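Below is one structure; the comments refer to it alone.
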Amino acid sequence: MAAAGGTVLGLLLFLYRHLENVASRGHEPVIRPFVQEVTAAWIGVCLFFPVRALARRFPLRGEGWPRHLPVHVAGLALFSATYTSLIWLVRSVLFPLLGQGRYDYGEMPVRYFMELPAQTIVYSLFVTGVHVADQYRRAREREVATAQLQAQLAQAQLDNLQLRLQPHFLFNALNTISSAMYDDPAAADEMIGRLSELLRASLRARTAHEVPLREELAMLDAYLSLMRARFGPEVEVEVRAEPDALGLAVPALIVQPLVENAFRHGSAADGGAGRIDVHAFRDRDTLRIDVRNDVPADARAANGTGLGLSLTAERLRLMYGDRQSFRAGRDGNGWFEVALALPARAAPASPA
């Protein structure tokens, strides 16, 4: 990069010198300004690296910059003398080799003082450029470190939410089995089997935060089998998923808590008949999942602030930020509805 920059700079300076010569009707051979400007640029590139090392070792910023100033004054003097000496040496070698005769750089003692102002500008630009580039690099490193820390924090929060969600479900499932143990031992035994299947599926899901929707619905089906064993035909559940949505990614165990909430707070909670509808479909770049349940006529207005719903909303926020939406509450027909909107993207490969 530095070599390319030096070459481009040298060519631009050469073009300026050459066109100046043409504009003033001069007759200087093209090769002479070409060698002069390109060698000046390349020598400047070579000297940039020791200047950069000096600028980083003795930065002219912060509280200690006055102590470093004498170092840079000495550095400037050495830089200027080295620059002028190398220009004279390299051109003195190249001019005869290119058929331009002996190179005359004038009175060298005077030349050193003459070049000093221009080389002071170059040295200052080098030091300033190093400080600006380093400050930008440090700012970017801080941004990356902050982003990594935030990602790690979000991951830890997400893991914690999943750990809270699974015991929450397990306790509710055990309470369900306990309530049926004496009244209907056969149903309780069947529910234990269904719970075992669901826990195995839950353990598989913990290897990834996202699963294909079809796997999530398979876990939901195991949960519904457990609930059907408890409620029998009293609660009608309909699960509909459009074919083009089945391969899309969803957070593991995202639908089951919503359906569990519908069982706990719907008409089935009062021992009566009830209905729960689950509908998943793709809407352009969005995967939508709606869970609706009827609400007992004498129930208070639902606000969707239960533990399962709050954990679900927090998981979605951590995983997708503002690319998701979560809404829970009564719809216009008196049903309670939870509506999720997630980015529609293919699910990751399932772990072996």
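If you're matching positions, the sequence shown starts at 2 in the numbering used here and goes up one per residue. Just so you know, even glycine gets a beta-carbon here, dropped at the ideal spot from N, CA and C. As the structure is a computational prediction, the values presented were derived from the model and not from experiment.
- Judged by DSSP secondary structure, Arg68 falls within the alpha helix (DSSP H) whose first and last residues are 66 to 98.
- With a threshold of 16 other beta carbon atoms within 10 Å, Arg92 meets it and is buried.
- Under the criterion of beta carbons closer than 8 angstroms, Pro213 and Leu247 qualify as touching, at roughly 7 angstroms.
- Arg33 is the residue among Ala54, Glu108, Arg33, Val256 whose C-alpha sits nearest the C-alpha of Leu99.
- Here the C-alpha atom of Ser125 lies approximately 17 angstroms from the C-alpha atom of Met115.
- The C-alpha of Trp43 lies about 23 angstroms from the C-alpha of Ala75.
- Secondary structure in the stretch 316 to 345: the beta strand (DSSP E) runs of 3 residues or longer, each lying completely within the stretch, are 326 to 331, 337 to 344 in chain order.
- Taken through DSSP and simplified to helix, strand or coil, Gly130 comes out as helix.
- A contact is defined here as three or more CB-CB pairs under 8 angstroms, and the stretch 238 to 252 meets this definition with respect to the stretch 330 to 347.
- Under the three-pair Cβ rule at 8 angstroms, the stretch 223 to 238 does not count as touching the stretch 308 to 319.
- Here Arg57 has Val131, Asp135 as same chain residues with Cβ atoms under 8 angstroms from its own Cβ, once five neighbours each way along the sequence are excluded.
- Sequence-distant partners of Leu87 (beyond 5 residues in either direction) whose C-beta falls short of 7 angstroms from its own C-beta, in its chain, are Ile44.
- Per DSSP, reduced to three states, the secondary structure at Glu108 is coil, with no helix or strand assignment.
- The beta strand (DSSP E) runs of length 3 or more contained entirely in the stretch 189 to 262 are, from start to end of the chain, 211 to 213, 236 to 242, 250 to 252.
- The Cβ atoms of Ser81 and Leu48 lie no closer than 7 angstroms to each other.
- Our two residues, Ala78 and Val39, have alpha carbons roughly 23 angstroms apart in a direct line.
- In the three-state scheme derived from DSSP, where H, G and I count as helix and E and B as strand, Ala347 is classed as strand.
- Rounded to the nearest angstrom, the gap between the Cα atoms of Asp184 and Val251 is 37 angstroms.
- In this structure Phe282 is not in contact with Arg276, their Cβ atoms being roughly 19 angstroms apart against a cut-off of 8 angstroms.
- Residues of the same chain with a CB within less than 8 angstroms of the CB of Asp332, apart from the 5 flanking positions on each side, are Arg293, Glu338 in chain order.
- With respect to the 7 angstroms criterion, Met192 and Leu227 are classified as neighbours on the basis of their beta carbons.
- Look at Arg139 here: in three-state DSSP terms it is helix.
- Pro349 is not a Cβ neighbour of Glu261, given a cutoff of 7 angstroms.
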